[in-house]
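S.K.:
Chains as they are written, first to last, in full-length UniProt numbering: chain E, 1 to 135; chain Y, 1 to 449; chain Z, 1 to 523.
Printed below as a string of structure tokens:
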């Protein structure tokens with residue numbers, strides 16, 4: 001975790017996720033987290049700052065994670081969110097896609113998906129889109 | 001002299017309530033000319049928000065015996081306000097709400113003084129809010145209510161038996177409406193639930209899953225939110241969407257229509273687009289009038305004792321017939337905002353480390369691995385490691401110094417509590433008092449005066 | 001210019017263009033423009049009613065400046081009706097504002113036909129005898145009427161109209177019309193075309209719950225001689241079957257199906273409220289029946305015939321987890337059935353109109369459509385004449401309210417609000433209206449209350465001394481905050497009556513400004 005605004009601003013921070021298994025092993029992904037003034041009444045706002053080839057994260061950094069939107073409950077906390085993000089990398093799912101191309105590839109050809117992920121993380125093109133290196 | 005006869009006659013109706021003894025009144029009620037004059041001279045009411053409720057509140061208060069009013073609102077007048085915010089005219093569009101509202105009421109009700117504040121509630125010093133007898137809230141957001149509630153409850157002090165000290169209680173009267181429904185409530189910090197104690201009364205806003213928007217849209221609202229939340233960023237890299245810019249709104253509308261056509265979905269209109277994107281809450285004059293009147297009546301009762309007080313939450317629903325219900329909600333004793341917290345007396349020499357160790361043994365807390373926050377400063381954070389490192393050097397310093405050598409103040413601690421052999425993470429409020437420090441605070445001065 | 005529509009944006013979201021058009025056509029008459037009347041009209045003028053006529057014979061006094069926002073220092077000595085009217089006009093230039101400087105009591109006595117020109121009359125601060133007279137006048141002339149009065153920390157609002165029928169009652173929470181307990185053939189066929197055991201997990205978790213429930217219910221019925229789950233155990237078993245259909249933990253559609261399974265168990269047919277309406281005497285229509293009752297007659301025939309015990313289908317479905325395609329197709333199936341039902345009702349309406357000698361096309365298609373869509377939510381509100389309420393009191397209701405913990409104070413105020421008029425008729429002033437006669441007035445009011453209770457047939461019942469003393473303390477004052485509250489309620493009800501949307505209150509609303517425990521009394 002990093003706190004760009006110093007130790008007293010806990011409302012805006014960054015979380016770095018390094019998946020320890022799965023397709024994204026070895027990658028480093030930075031998320032910005034913005035806590036609402038009425039947290040935990042409202043979910044934190046989360047964006048992925050690292051451009052990633054992922055079925056549930058689009059190229060703008062929007063993340064499809066139920067607990068960030070429709071399923072947020074005040075009993076949840078930032079740790080649950082981080083756990084949820086971690087889970088997205090170990091088990092990306094093609095059933096709730098935000099990046100439809102990536103989802104289709106994952107569904108139809110997991111091997112190809114794996115190679116695309118590797119290529120993107122190493123810094124390179126998948127289709128028309130360039131992904132900066134994040135290993 | 002002539003002026004005072006005019007005044008008497010002017011309060012013809014109100015005098016019946018304020019000058020005559022009553023049977024169903026507050027124990028503090030002391031009817032008489034003095035009471036009427038004191039209300040005029042000393043009672044100072046702050047109205048927060050000069051919108052649908054705020055306009056009504058200002059009018060109602062000005063005609064309920066109050067002469068010193070202030071109003072704060074950061075917004076400017078819009079055309080869509082005119083169906084209910086009766087102090088504004090078409091030619092006022094674009095002007096600050098607080099200023100126009102104050103001026104209009106003063107024009108019509110002579111002798112009333114209203115000071116407008118055209119700014120955000122957060123722009124004012126905390127002390128600004130201290131000067132008012134009662135704060136009346138006419139707001140439409142959970143965030144703003146939560147902020148004012150924290151400020152008002154921040155003035156509250158408890159004695160050593162955890163009873164609220166009367167002089168530090170800042171009463172709030174809060175109203176809210178949506179269509180034909182509304183609520184009015186009285187908040188007496190320390191004795192009735194504060195806004196935070198019952199925040200669950202406000203249901204969280206509905207948010208659609210992003211993947212539904214991206215993949216399986218079914219309703220017009222899905223198409224609109226797709227254009228608003230996903231497509232906008234895709235097309236306008238870096239440019240933030242401004243809901244008040246009609247060009248931006250039109251763009252979202254056009255994109256939503258395209259998407260709806262693509263999927264065979266009906267019902268996207270410009271009006272719905274605005275409604276969804278800006279989360280517009282329908283509002284009408286009559287509901288605002290009802291709720292503001294209830295709030296004003298309670299304000300008058302709080303200030304004068306001329307009748308019983310609402311205990312403590314009124315709901316109005318006019319959708320099917322008419323239902324008015326009063327519910328007596330109870331306070332959350334452990335509320336972090338209005339609760340007394342745990343009183344701890346400390347020597348000025350106690351270091352932060354020693355303090356954290358004490359929390360582990362404190363019978364009411366049994367809190368291990370505590371992180372400590374004082375006002376907006378994190379004195380010590382156990383995790384994450386970056387923060388631990390940044391705050392570690394504080395551990396060896398006396399807490400008294402870290403807290404700016406104040407004789408007493410509130411700190412918040414988070415840690416792991418041991419209860420019935422179960423470990424749960426918890427956040428607690430502590431009232432720290434340093435021994436032997438001359439405790440002359442502003443509040444004590446105010447009490448003396 | 002876009003301004004006029006924009007101005008009403010926040011209310012158009014509640015009552016729509018049609019509701020707004022009804023308001024803009026309405027002409028409202030206000031009797032007495034003290035704060036109660038002025039505040040009522042203020043809310044209506046802001047909303048954009050067509051025209052207002054303010055009737056008040058008094059001049060503005062100093063005291064009025066302390067409780068009425070519509071008058072200011074410059075108005076003292078002038079006609080109150082004129083001053084209030086001028087200010088109201090300032091609020092909305094789309095409204096035609098007129099005033100007549102005359103006392104309402106005199107107008108009621110001398111010119112009863114005057115009121116027939118209005119859509120609705122708001123009568124404020126009237127004494128009982130004038131209210132009773134006006135009530136009869138308006139009932140005869142078919143003019144909507146609403147009474148409002150503020151009195152110290154109490155007051156009342158009472159609607160008076162023979163009958164108010166509502167099609168668009170727009171209730172907050174109302175069960176969707178899905179017919180999961182009684183699907184029609186097209187819905188069944190659509191469900192049959194979908195395989196619940198589809199192997200693609202994406203398709204599986206995007207099968208709408210309506211389809212899941214229709215199929216499961218059909219399967220159940222096949223195995224149980226055509227019956228749906230009815231006992232507790234059967235319902236539980238049905239839910240277990242649903243759970244067994246899941247292939248993954250996160251299938252929202254199956255969660256939704258489980259939550260909605262009670263819709264399968266619900267009894268078929270129409271609600272008791274609707275039963276009452278279709279069996280109401282008015283549903284036996286004749287040549288002068290209202291359009292509403294003609295449509296109810298058609299509905300009654302429909303239910304007995306092609307409806308098979310059900311009303312026309314509403315035709316809309318709520319959002320649910322689904323693929324876009326299945327959802328849109330499902331939506332179409334519901335819309336098509338609703339259209340078929342609508343056509344059947346329309347035909348019956350035409351036939352009935354012909355039978356009773358009216359133009360078969362005199363009820364618009366849009367009206368019949370709206371009627372079909374809202375058939376389950378119809379409401380009929382009826383109000384007694386005040387004279388009837390006063391002369392033939394509902395004794396058992398009165399007694400029940402008087403001794404009820406929740407209603408006691410409101411009922412006490414109801415009695416007292418009537419007692420003060422009797423008091424005024426006897427002593428030429430309201431109790432406590434003037435200083436110095438307090439003690440005497442309290443005992444006089446007490447006597448008046450006892451007399452009134454006896455006349456109402458509530459011998460032995462009492463109103464508390466505290467409440468009687470408070471009523472004297474109020475001394476007929478009109479406090480601004482109370483007037484704003486009562487006026488707010490009155491204007492809200494006016495809007496419901498005129499837009500014919502939502503359900504107006506039935507009974508007498510009694511404001512309790514002491515602890516805000518106001519009540520609606522059905523008397």
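All C-beta atoms, glycine included, are put in the ideal place defined by N, C-alpha and C. Values in this document were obtained by computation on a predicted structure and should not be read as measured data.
So does the region 216–236 of chain Y actually touch the region 252–260 of chain Y, counting three or more Cβ pairs closer than 8 Å?
M.R.: With a cut-off of 8 Å, the region 252–260 of chain Y and the region 216–236 of chain Y count as touching, because enough Cβ pairs lie within range.
S.K.: With 16 as the cutoff for other CB atoms within 10 Å, does residue 42/Y come out buried or exposed?
M.R.: Your numbering for residue 42/Y matches position 42 in the second chain. By the neighbour-count rule (16 or more Cβ atoms within 10 Å), residue 42/Y is not buried but exposed.
S.K.: Which bits of chain E does residue 202/Z rub up against, with CB to CB less than 8 Å?
M.R.: Within the third chain, the letter at position 202 stands for residue 202/Z. The answer, in chain order, is 94, 95 and 107.
S.K.: Counting contacts by CB-CB distance shorter than 8 Å, is residue 291/Y in contact with chain E?
M.R.: By 1-based counting over the second chain, the position of residue 291/Y is 291. With 8 Å as the cut-off, residue 291/Y does not count as an interface residue toward chain E.
S.K.: Can residue 194/Y and residue 149/Y be called in contact, C-beta distance under 8 Å?
M.R.: The residue labelled residue 194/Y in the question sits at position 194 within the second chain. The residue labelled residue 149/Y in the question sits at position 149 within the second chain. Result yes, Cβ atoms of residue 194/Y and residue 149/Y sit closer than 8 Å.
S.K.: Work out the CA separation of residue 104/E and residue 134/E for me, nearest whole Å.
M.R.: Numbered from 1 along the first chain, position 134 holds the residue referred to as residue 134/E. Numbered from 1 along the first chain, position 104 holds the residue referred to as residue 104/E. Roughly 23 Å between the two C-alpha positions.
S.K.: Taking the beta strand (DSSP E) that residue 351/Z falls in, what are its first and last residues?
M.R.: The sequence position of residue 351/Z within the third chain is 351, counting from 1. Per DSSP, residue 351/Z belongs to no beta strand (DSSP E); it is in the alpha helix (DSSP H), 324–355.
S.K.: Determine, using beta carbons only, whether residue 1/E comes closer than 8 Å to chain Y.
M.R.: On the first chain, residue 1/E is found 1 positions in, with the first residue counted as 1. So yes, residue 1/E belongs to the interface.
S.K.: Note down, in chain order, each residue of its chain lying with its Cβ closer than 7 Å to the Cβ of residue 298/Z, except the 5 sequence neighbours on either side.
M.R.: Residue 298/Z sits at position 298 when you count from the first residue of the third chain. For residue 298/Z, where only same-chain residues beyond five positions count, the Cβ hits under 7 Å are 345, 348, 349 and 352.
S.K.: How would you label residue 383/Z, buried or exposed, when you count the other beta carbons within 10 angstroms and need 16 or more for buried?
M.R.: Taking the first residue of the third chain as position 1, residue 383/Z is located at position 383. It is buried - the Cβ of residue 383/Z has at least 16 other Cβ atoms within 10 Å.
S.K.: Please list, in chain order, the chain E residues whose beta carbon lies closer than 8 Å to that of residue 208/Y.
M.R.: On the second chain, residue 208/Y is found 208 positions in, with the first residue counted as 1. Within 8 Å Cβ-Cβ: 69 and 70.
S.K.: Quick check on the DSSP output: the beta strand (DSSP E) that includes residue 346/Y runs from which residue to which?
M.R.: By 1-based counting over the second chain, the position of residue 346/Y is 346. Taken as a continuous stretch (DSSP letters only), the beta strand (DSSP E) holding residue 346/Y covers 342–346.
S.K.: Measuring CA to CA, which of 394/Y, 412/Y and 292/Y is closest to residue 334/Y?
M.R.: Within the second chain, the letter at position 334 stands for residue 334/Y. The shortest C-alpha separation from residue 334/Y is found at 412/Y.
S.K.: Quick check: is the beta carbon of residue 320/Y nearer than 8 Å to any beta carbon in chain Z?
M.R.: Position 320 of the second chain, counting from 1, holds the residue named residue 320/Y. At least one chain Z Cβ lies under 8 Å of residue 320/Y.
S.K.: So which residues on chain Y does residue 37/E lean against when the C-beta distance must stay under 8 Å?
M.R.: Position 37 of the first chain holds residue 37/E. The contacting residues are 143, 146 and 147.
S.K.: Determine, for residue 161/Z, whether the minimum Cβ-Cβ distance to residues of chain Y falls below 8 Å.
M.R.: Reading the third chain from its first residue, position 161 is the one you call residue 161/Z. Answer no: the Cβ-Cβ gap between residue 161/Z and chain Y never drops below 8 Å.
S.K.: List, in order along the chain, the chain E residues whose C-beta lies closer than 8 Å to that of residue 391/Y?
M.R.: As a first step, residue 391/Y is located in the second chain; it is residue number 391 there, counting from the start. Going along chain E in sequence order, the residues near residue 391/Y (Cβ under 8 Å) are 7.
S.K.: For residue 75/E, name the three-state secondary structure that DSSP assigns.
M.R.: Here residue 75/E is taken as the residue at index 75 of the first chain, counted from 1. If DSSP states are grouped into helix, strand and coil, residue 75/E belongs with coil.
S.K.: The alpha helix (DSSP H) with residue 321/Z in it runs from where to where?
M.R.: Sequence index remark: in the third chain, residue 321/Z carries index 321 (1-based). That residue, residue 321/Z, is in no alpha helix (DSSP H); it is neither H nor E in DSSP.
S.K.: Would you list, in chain order, the members of the region 44–74 of chain Y that have their beta-carbon closer than 9 Å to a beta-carbon of chain Z?
M.R.: So the list reads 52, 56, 59, 60, 61, 62, 63, 64 and 65, given in the order they occur along the chain.
S.K.: Quick check: what's the CA-CA separation for residue 235/Y versus residue 430/Y?
M.R.: Translated into the one-based positions of the second chain, residue 235/Y becomes position 235. Translated into the one-based positions of the second chain, residue 430/Y becomes position 430. C-alpha separation (whole angstroms): 50 Å.
S.K.: Counting only Cβ pairs nearer than 7 Å, list the residues of chain Y close to residue 98/E.
M.R.: For this step, residue 98/E is matched to residue 98 along the first chain. What residue 98/E touches in chain Y: 210, 211 and 214.
S.K.: Between the region 27–39 of chain E and the region 170–187 of chain Y, are three or more C-beta pairs nearer than 8 Å?
M.R.: Too few Cβ pairs lie closer than 8 Å, so no.
S.K.: Given a limit of 8 Å on CB to CB distance, which residues of the region 72–98 of chain Y reach chain E?
M.R.: So the list is empty, because no residue satisfies the distance condition.
S.K.: For residue 352/Y, which option in 116/Y, 337/Y, 90/Y and 369/Y has the closest C-alpha, if you only look at C-alpha atoms?
M.R.: Start at 1 with the first residue of the second chain, and residue 352/Y comes out as number 352. Answer by Cα proximity: 369/Y.
S.K.: Verify whether the separation of the beta carbon atoms of residue 58/Y and residue 101/Y is less than 8 Å.
M.R.: Numbered from its first residue, the second chain carries residue 58/Y at position 58. Numbered from its first residue, the second chain carries residue 101/Y at position 101. Cβ distance < 8 Å, so residue 58/Y and residue 101/Y count as in contact.
S.K.: Have a look at residue 85/E and residue 195/Z and give me their C-alpha separation to the nearest angstrom.
M.R.: Your numbering for residue 85/E matches position 85 in the first chain. Your numbering for residue 195/Z matches position 195 in the third chain. Going by the C-alpha atoms only, they are around 34 Å apart.
S.K.: Taking CB distances under 8 Å as the criterion, tell me whether residue 12/E reaches chain Y.
M.R.: Indexing the first chain from 1 puts residue 12/E at position 12. No, residue 12/E does not count as interfacial toward chain Y.
S.K.: Using beta-carbon positions only, say whether residue 276/Z and residue 248/Z come within less than 8 Å of one another.
M.R.: Your numbering for residue 276/Z matches position 276 in the third chain. Your numbering for residue 248/Z matches position 248 in the third chain. The answer is no: Cβ separation not under 8 Å.
S.K.: How is residue 576/Z classed by DSSP in three states: helix, strand or coil?
M.R.: Outside the displayed range of chain Z (1 to 523) lies residue 576/Z, so it cannot be described from this structure.
S.K.: Would residue 450/Y be called buried (16 or more neighbouring beta carbons within 10 Å of its own) or exposed?
M.R.: Limits of chain Y in this structure are 1 at one end and 449 at the other, which puts residue 450/Y out of reach.
S.K.: Under 9 Å between beta-carbons, which chain E residues line up against residue 387/Y? List them in chain order, please.
M.R.: What you label residue 387/Y is simply residue 387 of the second chain in a count that begins at 1. In chain order: 1, 3, 7 and 10.
S.K.: So, is the C-beta of residue 450/Y closer than 8 Å to a C-beta in chain Z?
M.R.: Outside the displayed range of chain Y (1 to 449) lies residue 450/Y, so it cannot be described from this structure.
S.K.: So, with DSSP's three-state summary, where would you put residue 198/Z?
M.R.: Here residue 198/Z refers to the residue found at position 198 when the third chain is read from its first residue. The answer is coil: DSSP assigns residue 198/Z none of H, G, I, E or B.
S.K.: Counting only C-beta atoms, is residue 398/Y closer than 8 Å to chain Z at any point?
M.R.: As a working mapping, residue 398/Y is identified with position 398 in the second chain. No, residue 398/Y lies away from the interface with chain Z (no Cβ there is under 8 Å from its Cβ).
S.K.: Between residue 205/Z and chain E, is there a C-beta pair that is closer than 8 Å?
M.R.: Taking the third chain and counting its residues from 1, one reaches residue 205/Z at position 205. It does; some Cβ of chain E falls within 8 Å.
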